[in-house]
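When you number the sequence shown by my numbering, it's gap-free, plus one each residue, and the end is 297. Ideal Cβ placement from N, Cα and C applies to all residues, glycine included.
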Amino acid sequence: MKQVLTPKQVAQAIGVSEASVKRWTDKGMFAATRTAGGHRRLTIAGVVRYLRASGHELVRPEILGLPPASGRGEQSLERALPAFREALEAGDRDAVWRMAFDLYLAGHTACDICDKLIARAFHEIGERWQHGETEIYKERRAGEVCKTTLVNLTSILPPMEDEAPVAIGATLGNDPYFIPTTMVALVLREVGWRADSYGIGLPVETFIAAVRDVQPRLVWVSSGYIDSPELFLNNFGMLQQETAARGIPIVVGGRALTDSIRQGMKYTAYCDTLAHLVGLAQTLHPAGARSAQE
4 MKQVLTPKQV AQAIGVSEAS VKRWTDKGMF AATRTAGGHR RLTIAGVVRY LRASGHELVR
64 PEILGLPPAS GRGEQSLERA LPAFREALEA GDRDAVWRMA FDLYLAGHTA CDICDKLIAR
124 AFHEIGERWQ HGETEIYKER RAGEVCKTTL VNLTSILPPM EDEAPVAIGA TLGNDPYFIP
184 TTMVALVLRE VGWRADSYGI GLPVETFIAA VRDVQPRLVW VSSGYIDSPE LFLNNFGMLQ
244 QETAARGIPI VVGGRALTDS IRQGMKYTAY CDTLAHLVGL AQTLHPAGAR SAQE
């Protein structure tokens, strides 16, 4: 996907004249920079933001590096779910990205796309595997396909403010589930946080080192799988002590955090949906919430 675009490319993509795009850019309708020679350069994030706000049709999405037929798909998350799950399970990378992009273009937040489409699709795939209706390789492949879509969604978000608060997170132990922690980073970025997932299976000692070095304003731990509750609780306790000593909120979530495991943990908040996390993040950083809605 192209990140920097010329007015001509944008004009062809949305079906207007190049002069119109230049005029709209000069009025501030598109975020733009200028080259040393004075030529306008637009960002894909700025173009997408304009399309979402204006409802302008995307005529030739391939010019922007988007899949053909983007902008003409299903606009309902609920109705899109069956086809999205099928595309994930089939490993159709372009279809998965196109459907997610269409829903974002239609005005759905990345948070809702993650909660109401991606999470539900993976839940259905998991249930199908448990009933012998699909293969485990298809679930793993779906994860890799979805990772591309999450990276693409991140790339079309509005740029973060220079003073955006920092958030970091990961999974602990042998937890291999990277999609949830990647989605956390995406939805926090959407509401103005400089959020980075540090991946899966992060040793607690280096997680603590990251907290000391980065000094974030928020830490999250995603838990999709826990092989040893005792070891997990010990490691999480060490991390929690570090964040508490520094006054940093620590948020947890994930299907592996059963009631019995959570009883042995101290944390700022347990979030069973990304929407709950976003609500907390917006409380901690209201300015980011306002800028994300503009």
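Beta-carbon gap between residue i and residue j smaller than 9 Å
i, j, result
"LEU45", "VAL19", "no"
"ILE182", "ILE121", "yes"
"LEU108", "GLY129", "no"
"ALA272", "PRO252", "yes"
"ARG43", "THR9", "yes"
"ASN155", "ALA103", "yes"
"VAL281", "ARG220", "no"
"GLU77", "ASP105", "yes"
"TYR228", "TYR180", "yes"
"LEU80", "ILE116", "yes"
"THR209", "LEU189", "no"
"PHE239", "LEU287", "no"
Three-state class that DSSP yields for residue i in the structure shown
i, result
"SER256", "As written in the sequence, residue 256 is Gly, which differs from the Ser given in the question. In this structure, GLY256 counts as strand in the three-state DSSP scheme."
"ALA109", "coil"
"ALA35", "strand"
"LEU221", "strand"
"ARG293", "Low local confidence applies: a pLDDT of 48 at ARG293 is under 50, so the model's placement there is unreliable, and no value is given."
"VAL169", "strand"
"TYR180", "coil"
"MET44", "Strictly speaking, residue 44 in this sequence is Arg, with Met absent from that position. The answer is strand: DSSP assigns ARG44 an E or B state."
"GLY250", "coil"
"ASP95", "coil"
"ASP199", "strand"
"LEU84", "helix"
"VAL24", "helix"
"LEU160", "coil"
"LEU205", "strand"
"VAL19", "coil"
"VAL154", "helix"
"VAL194", "coil"
"LEU61", "coil"
"LEU277", "helix"
"LEU8", "strand"
"LEU175", "strand"
Neighbour-count burial assignment, residue i, 16 or more Cβ in a 10 Å radius
i, result
"ASP216", "exposed"
"ILE139", "exposed"
"LYS119", "buried"
"MET4", "exposed"
"THR38", "exposed"
"ASP29", "exposed"
"SER200", "buried"
"THR152", "buried"
"ALA248", "exposed"
"ALA56", "exposed"
"ALA284", "buried"
"GLY172", "buried"
"THR184", "buried"
"GLY202", "exposed"
"ALA22", "exposed"
"GLY267", "exposed"
"GLY49", "buried"
Residues of its chain near residue i, where Cβ-Cβ distance is below 7 Å and the 5 sequence neighbours each way are ignored
i, result
"ALA167", "GLY195, TRP196, ARG197 and GLY291"
"MET32", "TYR53"
"GLU193", "THR112, ALA113, CYS114, LEU160 and ALA295"
"THR137", "GLU92, ILE128 and ARG131"
"GLY110", "ARG55"
Beta-carbon contacts of residue i that lie in its chain and below 8 Å, excluding the five residues immediately before and after
i, result
"ILE211", "MET241, LEU242 and GLU245"
"GLY91", "Checking the sequence, you will find Leu at residue 91 rather than Gly. Contacts found: VAL99, ALA124, PHE125, ILE128, ALA145, VAL148 and CYS149."
"ALA35", "THR28, ARG43, ARG44, LEU45, THR46 and GLY49"
Other residues of its chain near residue i: CB distance less than 6 Å, five sequence neighbours each side excluded
i, result
"GLN3", "Here the chain comprises residues numbered 4 to 297, so residue 3 is not present and cannot be evaluated."
"PRO232", "ILE264"
"GLU127", "ARG88"
"ASP97", "PRO70"
"HIS59", "ILE17"
"GLU65", "PRO71"
"VAL24", "PRO10, VAL13 and ALA14"
"ARG101", "PRO70 and SER73"
Beta carbon proximity, residue i to chain C, threshold 9 Å
i, result
"SER73", "Although the question refers to chain C, the structure presented lacks it and comprises just one protein chain."
Cβ contact (3+ pairs, closer than 8 Å) linking the segment 223-234 and the segment 256-273: Yes, the segment 223-234 touches the segment 256-273.
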